[in-house]
Each structure stands twice: as C-alpha cells, then as structure tokens.
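Residue numbering for the sequence shown is 7 to 109, as defined by my numbering.
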Amino acid sequence: MGRACARNNLLKAAIFGGDPNWGRVLAAVGTADAYLDPLIIDVKLNGVQVCTNSAPDADKSRVSFAQRLFEIAIDLKVGTHSATILSNDLTHDYVHENSAYST
C-alpha cells in the first residue's frame, strides 16, 4: 500500500502543489494489489483526519505543508499490520530533467 502511494506521481504532484487531495490518496490505494473495502478507508495528512470511511472529514485547509516532511497515514481497517515508507518528492527540477531526457 505504501509503495503504491510512494510511486504515484499524481499524488506527489498534489503534495508538491500544496493540495491536500485525499482523493488522490484513495486512487493510489486502489492501484495496490491488496484486500480492502473501498468504503471504509481513513486518511490523515500530516496528522489531520481528512477522510473517514472514504468520505470527506475535516477542513482540508488545516493540513500544513510548511515542513519538508509530509506524512500520509492510511487505515484500511483490515488486520493489525503497519508499515512506513519513505519516498522522494516531485519538483520542477525533477520533471524538467526527466522530460528533457532523450533516448
């Protein structure tokens, strides 16, 4: 699940743009090959509960993007396991460098 989110460029773009888009988190979760009930997922962005049971929760404007480290917590409400994934950000320089690359 963590890898599905960490590899999702649309989710990374939302974070880079300061958009607390929990829908992109759920979309990334949906790409993972895992058992889950898509109607009961909870999402926290930097500690702010923005999605409860796959529906909007708190005011998204409360999510802070002030720190470089950004935390996404996903509760699938299935089992007791947990994991932590670290990933890189998506910046203008990264996109420019990789779009200029020619084979």
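Glycine included, C-beta positions come from ideal geometry on N, C-alpha and C.
* **Candidates His102, Asp95 and Asp65, of which the one nearest Leu17 by Cα** => Asp95
* In whole angstroms, what is the alpha-carbon distance linking His98 and Ile21? -> 13 Å
* To do: For the segment 10 to 60, list the beta strand (DSSP E) runs that are entirely contained and at least 3 residues long, ordered along the chain.
  => 48 to 51 and 54 to 58
* Would you kindly check if the distance between the Cβ of Ala12 and the Cβ of Ser93 is under 8 Å? => yes
* Asked: With contact counted as at least three CB pairs below 8 Å, one residue from each stretch, are the segment 52 to 61 and the segment 99 to 109 in contact?
  -> no
* On the three-state DSSP scale, how would you describe Asp65? -> coil
* Note down the Cα distance separating Ser70 from Glu77, rounded to an integer number of angstroms. => 10 Å
* Asked: Which stretch, first to last residue, makes up the alpha helix (DSSP H) that contains Ala89?
  -> Note, Ala89: premise wrong, no alpha helix (DSSP H); not H, not E.
* To do: For Thr90, collect the residues of the same chain with a Cβ closer than 8 Å to its Cβ; drop the 5 residues on either side in sequence, then sort them by chain order.
  => Gly8
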